[in-house]
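Taking it in order: structure first as structure tokens, then the write-up.
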Amino acid sequence: MIEVFDPTELPRARQAGALVAGILQTLRSRCEVGTNLLEIDRWAQAMITEAGAQSCYVDYAPSFGRGPFGHFICTSVNDAVLHGLPHDRALADGDLLTLDLAVSLDGIVADSAVSFVVGAASPESLALIRATERALSAGIAAARPGARLGDVSSAIGTVLGEAGYRVNTEFGGHGVGSTMHQDPHVPNAGRPGRGYRLRPGLLLALEPWVMADTDELVTDADGWTLRSATGCRTAHSEHTIAITDDGAEVLTLPAPAPAV
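For reference, each letter of the sequence shown is one residue, going 1 to 260 in UniProt numbering.
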């Protein structure tokens, strides 16, 4: 199902996006060496509940997972890239952490992910993160009314390929709306001029992700966490956007830092 929203519903989508962005921004500021992944999950639960929103993960039970997920946020560390199940693990210096959060507020879902390093960052880790961020920006720029999904996928994949990374297209971006995962699927590589034509009112979650030296995933023993097959590091960046008459509006941008 592909949902297309009326312009009058865009303010609700903006509110959902702002909530997700704010929670991720707060969680990122709290994460430090020694922070436990289960502590991050509890913080996310508290903020979602306080906002009167609903988690999209707690009862999430797709065919590819060992569901229900049972937690409020995905916490993927180092070689884990997607669907990281929070568990009893303290963050160490240099860990590359991805936080992926989706919530529903007033009937509309927003979904976003951010990767960052706790403590000292290696050049490899920073290169991975920056490549996904550049690819995300390229995908957003290509998401114009009248463009096709292949244009967005091609823009993302071109950046990732030029950075030297192989692209897995099994998991990628997707439509959002009244539920978290909807059509259309947005692969992180594709051919321009192909696929569904974008139109105002469409909400998309774009999410470039890469692994340093492979495009092959393995599923962890927990039945959820997806890791690089070689044990290499990974990164993942994601925003929810709304297609408008003027282009793509990013709904999950964090608020700017206050002036000093």
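Beta carbons are placed, not taken as given, at the ideal position from N, Cα and C, and that holds for glycine.
If you're wondering where the values come from, they're calculated on a predicted model, not measured in any experiment.
Query - Neighbourhood of P200 by C-beta distance below 6 Å, restricted to the same chain and skipping five residues each side - result: Position 200 of the sequence shown, counted from the first residue, corresponds to residue 200. Once the five neighbours on either side are set aside, the close Cβ partners of P200 are P145, I243, T244 and D245.
Query raised in the report: Would D79 be called buried (16 or more neighbouring beta carbons within 10 Å of its own) or exposed?
Result: Taking the sequence shown and counting its residues from 1, the one referred to as residue 79 is at position 79. So D79 counts as buried.
**Report entry** Cα-Cα separation, S228 to V210
**Finding:** What you label residue 228 is simply residue 228 of the sequence shown in a count that begins at 1. What you label residue 210 is simply residue 210 of the sequence shown in a count that begins at 1. If I take the Cα positions, the gap works out to 9 Å.
**Report entry** Coil, strand or helix - D151 by DSSP
**Finding:** Start at 1 with the first residue of the sequence shown, and residue 151 comes out as number 151. Three-state result, D151: helix.
Query raised in the report: Three-state secondary structure (DSSP) at M47?
Result: For this step, residue 47 is matched to residue 47 along the sequence shown. Of the three classes helix, strand and coil, the one that applies to M47 here is helix, per DSSP.
Query raised in the report: Rounded to whole angstroms, how far is the Cβ of D240 from the Cβ of D111, which I believe are closer than 8 Å?
Result: Position 240 of the sequence shown holds residue 240. Position 111 of the sequence shown holds residue 111. It should be noted that the sequence gives Thr, not Asp, for residue 240. Confirmed, Cβ separation roughly 5 Å.
Report task. Give me the Cα-Cα distance between D6 and T230, rounded to the nearest whole angstrom. Result -> Translated into the one-based positions of the sequence shown, residue 6 becomes position 6. Translated into the one-based positions of the sequence shown, residue 230 becomes position 230. The straight-line gap from Cα to Cα measures roughly 45 Å.
Query - CB contact below 8 Å: G22 versus chain D - result: The question asks about chain D, but that chain is absent: this structure has only one protein chain.
Report task. Using only alpha-carbon positions, find the residue among V58, S76 and G17 that is nearest to D220. Result -> Within the sequence shown, the letter at position 220 stands for residue 220. If you compare the alpha carbons of V58, S76 and G17 with that of D220, the shortest gap goes to S76.
Query raised in the report: Quick one, which of V103, S63, R14 and R89 has its alpha-carbon nearest E50's?
Result: Here residue 50 refers to the residue found at position 50 of the sequence shown. Answer by Cα proximity: V103.
Report task. Could you please give the first and the last residue of the uninterrupted beta strand (DSSP E) stretch that includes S178? Result -> Against the sequence shown, residue 178 aligns to sequence position 178. Note, S178: premise wrong, no beta strand (DSSP E); not H, not E.
Query raised in the report: When the Cα of H83 is compared with those of G172, N188, A155 and I129, which residue comes out closest?
Result: Within the sequence shown, numbered from 1, the residue matching residue 83 stands at position 83. If we check each option's Cα against that of H83, G172 comes out closest.
Report task. Could you round the C-beta distance between V81 and L206 to whole angstroms and report it? I think they count as a contact, below 8 Å. Result -> The residue labelled residue 81 in the question sits at position 81 within the sequence shown. The residue labelled residue 206 in the question sits at position 206 within the sequence shown. About 16 Å; that fails the 8 Å criterion.
Query raised in the report: So what does DSSP say about D220, is it helix, strand or coil?
Result: Against the sequence shown, residue 220 aligns to sequence position 220. DSSP places D220 in the coil class of the three-state scheme, outside both helix and strand.
Query - Spatially closest choice to L85 from A92, C74, L91 and D95, by CA coordinates - result: As a first step, residue 85 is located in the sequence shown; it is residue number 85 there, counting from the start. That would be C74, whose Cα lies nearest to the Cα of L85.
Query raised in the report: When the distance is taken between beta carbons, is A147 closer than 8 Å to L203?
Result: What you label residue 203 is simply residue 203 of the sequence shown in a count that begins at 1. What you label residue 147 is simply residue 147 of the sequence shown in a count that begins at 1. No, they are not a contact pair.
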